[in-house]
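S.K.: First the structure, which I've put down as structure tokens, then a few questions once you've had a look.
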Amino acid sequence: MRVNKTPCRFCGEVEGVRKHGSGKSTKIQRYYCTHCAKTFQAKYIYNIIQPDVSSSDVVNKTRYSSTNSVNSSTMMNN
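Our numbering puts the first residue of the sequence shown at 39, with every later residue one more than the last.
Shown next, in the form of structure tokens:
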């Protein structure tokens with residue numbers, strides 16, 4: 039029997055992580071952390087849905103700054 043050594047993406051714990059089914063469309067294994075009570079995937083195939091990626095904000099601010107003649111560095115600081 040193989041022991042799961044996937045660390046939690048949120049709290050970093052290894053011991054309390056257990057399997058929690060699979061994703062609906064991707065069929066990738068999901069995990070549940072008993073320490074922080076959150077579910078996650080070990081590998082994300084769509085980069086935009088990673089918990090720490092906020093590229094939609096960056097894209098929206100860049101588009102706004104280019105269409106409204108605002109310096110993009112001003113937009114990124116907000």
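Every residue gets a Cβ at the ideal spot worked out from N, C-alpha and C, and that includes glycine.
1. Do glycine 59 and arginine 68 come within 9 Å of each other at the CB atom, strictly closer than that value?
2. Can you tell me whether threonine 72 is helix, strand or coil according to DSSP?
3. Taking the alpha-carbon of serine 63 as reference, which of Val52, Thr72, Gln79, Lys43 has the nearest alpha-carbon?
4. By how many angstroms is the C-alpha of threonine 44 removed from the C-alpha of valine 91?
5. In chain order, what residues of the same chain have a beta carbon less than 6 Å from the beta carbon of phenylalanine 48, not counting five sequence neighbours either side?
M.R.: Walking through what the data contain:
1. yes
2. coil
3. Gln79
4. Its pLDDT being 48, under 50, valine 91 is placed unreliably in this model, and the coordinates cannot settle the point.
5. Cys74, Lys76
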